Structures are given as structure tokens and as C-alpha cells.
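Take a look at the structure set out below.
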Amino acid sequence: VRIDASGRIQGTPVVEGSRSDAAWRAASDSLLQALRATSPFDVPAGFAAQEVPFRFETARQCRNL
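Mapping the sequence shown onto the working numbering, position 23 (from 1) lands on 64, and the numbers just tick up by one.
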């Protein structure tokens, strides 16, 4: 996810390693919605636009589904 100096998401976040099963799609869609809903993020003074990795392990989160 690329975050600009004001804490807003730049561009479209991408989920890597996508799968086609319904549980994985639902979890990844929810993750993307949550990222968009929480933008802008609080960033420290002097923050420069940069890629910020977010790690959400859908296999771990969906193992009981």
C-alpha cells in the first residue's frame, strides 16, 4: 500500500497471492475495505510518501471456515 505524506492511500491496494475460494475472497475484500475506511492514517511529521507493507495472513485467519 502506498501512503502519501498526508496519510492517504495512493492508487489501488493490491492483495498478493490471490485465490479463488469464497472464504479467501471475502477476507481479502474485507481487508481492502478496512484499509480504505481507515484512511487517512496518522503519520509522523515529515513522513515521506512510501510503500507500507500490510501483512494479513488469510490462510491463518480463515482456517476455521
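Here a beta-carbon is modelled for each residue, glycine too, at the ideal position from N, C-alpha and C.
These numbers come from a predicted model, not from an experiment.
- Only residues of its own chain outside the window of five on either side were considered, and among them Ser-47, Gly-48, Arg-49 have a CB closer than 7 Å to the CB of Pro-81, listed in chain order.
- The three-state secondary structure of Arg-77, taken from DSSP, is helix.
- Leu-73 is positioned such that its CB atom lies no closer than 8 Å to that of Phe-95.
- The C-beta distance from Arg-43 to Ala-90 rounds to 7 Å, short enough to fall under 8 Å.
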